[in-house]
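Only one structure is covered here, and it is reproduced in the block below.
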Amino acid sequence: MTRVVFATGNAGKMKEIREILADMDLEAVSMKEIGVDIPIEENGATFEENALIKARAVAKECGEVVLADDSGLEVDYLNKEPGIYSARYMGEDTPYTVKNANIIERLTGVPDEKRTARFLCAIAAVFPDGSETVTSGAVEGRIDYEEKGKNGFGYDPIFYVPEFGRTTAELSDEEKNRISHRGKALRKMKEELRKRLQEG
Numbered sequence: 464m465t466r467v468v469f470a471t472g473n474a475g476k477m478k479e480i481r482e483i484l485a486d487m488d489l490e491a492v493s494m495k496e497i498g499v500d501i502p503i504e505e506n507g508a509t510f511e512e513n514a515l516i517k518a519r520a521v522a523k524e525c526g527e528v529v530l531a532d533d534s535g536l537e538v539d540y541l542n543k544e545p546g547i548y549s550a551r552y553m554g555e556d557t558p559y560t561v562k563n564a565n566i567i568e569r570l571t572g573v574p575d576e577k578r579t580a581r582f583l584c585a586i587a588a589v590f591p592d593g594s595e596t597v598t599s600g601a602v603e604g605r606i607d608y609e610e611k612g613k614n615g616f617g618y619d620p621i622f623y624v625p626e627f628g629r630t631t632a633e634l635s636d637e638e639k640n641r642i643s644h645r646g647k648a649l650r651k652m653k654e655e656l657r658k659r660l661q662e663g
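Just so you know, our numbering puts the end of the sequence shown at 663, numbered straight through with nothing missing.
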């Protein structure tokens, strides 16, 4: 196992993944970079199911170790929306500035203590021998009153982290990787990959 394929075409995500896996003797490439371009219907009921659906579909195409993540934002006051529909919320091609503005608007007049939210991430790995494993991570915070920060993507500019007093889009890459839902899930997955490398 000298490389892992990540089932994503998202450059921001790949940057985060490469930084976290940097101390491993592994090359991380995206499905896009190895020429896999297939439609994947994410019809699972949970982040874990969707991550496995993606990883299995890409593993079928390339026969390599494939990792896939499914992540999203849950806002308690909005009945845990957008949840597993985070990427498709208000339509797949809707800019996040519009999605973020919509969430802020729906929380108009809602006090801090009721603006609680979390980012959740599940990472699935599918190995060439057919075995699978899933890890997950979460980060708790709340929805801010306006977009702040440029260092992030998606819902980062409206996700306020009390321990830093800033949104995730205002954190440095290092700070973000330390606390992020994807960072936590990926570090757990790193341990799984390390075990595999030792075994194999």
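Every residue gets a Cβ at the ideal spot worked out from N, C-alpha and C, and that includes glycine. Owing to the predicted nature of the structure, the values given are computational and were not obtained by experimental measurement.
- [ ] Please determine if the stretch 514 to 531 and the stretch 551 to 567 are in contact, where contact requires at least 3 C-beta pairs separated by less than 8 Å.
- [x] Fewer than three beta-carbon pairs drawn from the stretch 514 to 531 and the stretch 551 to 567 are found closer than 8 Å, and the two stretches are therefore not classed as touching.
- [ ] Please state whether DSSP places Ile503 in a helix, a strand or coil.
- [x] Annotated three-state conformation of Ile503 is coil, per DSSP.
TODO: For Phe510, name the three-state secondary structure that DSSP assigns.
DONE: Phe510 falls in the helix class under three-state DSSP.
Open item on the list: If distances are taken between C-alpha atoms only, which option among Gly617, Thr560, Arg605, Ala648 comes closest to Phe627?
Closed with: Considering only Gly617, Thr560, Arg605, Ala648, the residue with the shortest C-alpha distance to Phe627 is Arg605.
- [ ] Go through its chain and collect everything with a Cβ distance to Asp607's Cβ below 6 Å, but skip five positions before and after it.
- [x] Hits under 6 Å: Ile621, Tyr623, Thr630.
- [ ] Throw me the rounded Cβ distance for the Lys543 and Ala470 pair, which I believe falls under 8 Å.
- [x] That belief does not hold up - the Cβ atoms of Lys543 and Ala470 are roughly 24 Å apart, past 8 Å.
- [ ] Given a cut-off of 8 Å, decide if Ala514 and Ala421 are closer than it, judged by their beta-carbon atoms.
- [x] Look at the range of the chain in this structure, 464 to 663, and you will see that residue 421 is not part of it.
Open item on the list: If you measure between the beta carbons of Leu489 and Thr465, is that distance less than 8 Å?
Closed with: Yes, these two residues count as a Cβ contact at 8 Å.
Open item on the list: Considering Cα atoms alone, identify which of Glu511, Asn506, Ala520 is closest to Asp500.
Closed with: For the residues Glu511, Asn506, Ala520, the minimum Cα distance to Asp500 belongs to Ala520.
Open item on the list: Please report the straight-line C-alpha distance between Glu496 and Thr571, rounded to a whole angstrom.
Closed with: Rounded to whole angstroms, Glu496 to Thr571 spans 42 Å at the Cα level.
Task: Beta-ladder partner(s) of Tyr552, from DSSP - done: Within the DSSP secondary-structure output, Tyr552 pairs in no beta bridge.
TODO: Quickly, what does DSSP pair Ser534 with across the bridge? List them, please.
DONE: For Ser534, DSSP records a beta bridge to Cys584.
Open item on the list: Output needed for Gly612: all residues of its chain with C-beta closer than 8 Å, excluding positions within five of it in sequence on either side, in chain order.
Closed with: Excluding residues within five positions, the ones whose Cβ falls inside 8 Å are Asp619, Pro620, Arg629, Thr630, Thr631, Ala632, Glu633, Leu634.
Open item on the list: Between which residues of its own chain and Pro625 is the CB-CB distance below 8 Å, once the five residues before and five after are set aside?
Closed with: Here Pro625 has Gly604, Arg605 as same chain residues with Cβ atoms under 8 Å from its own Cβ, once five neighbours each way along the sequence are excluded.
Open item on the list: Please tell me whether Glu505 and Ala585 are closer than 8 Å, where the distance is taken between their beta carbons.
Closed with: Their beta carbons are not under 8 Å apart, which means Glu505 does not touch Ala585 by this criterion.
Open item on the list: Bridge partners for Ile606 per DSSP, in chain order?
Closed with: Its beta-bridge partners are Phe622.
Open item on the list: Below 8 Å on the Cβ atoms is my contact criterion, and I expect Val589 with Ala508 to pass it. Report the Cβ-Cβ distance as a whole number of Å.
Closed with: Rounded to whole angstroms, the Cβ separation of Val589 and Ala508 is 19 Å, and the two are not in contact under 8 Å.
Open item on the list: Measuring alpha carbon to alpha carbon, tell me which residue in Ile566, Glu638, Ile503, Asp532 is nearest Val538.
Closed with: Closest option to Val538, Cα to Cα, is Ile566.
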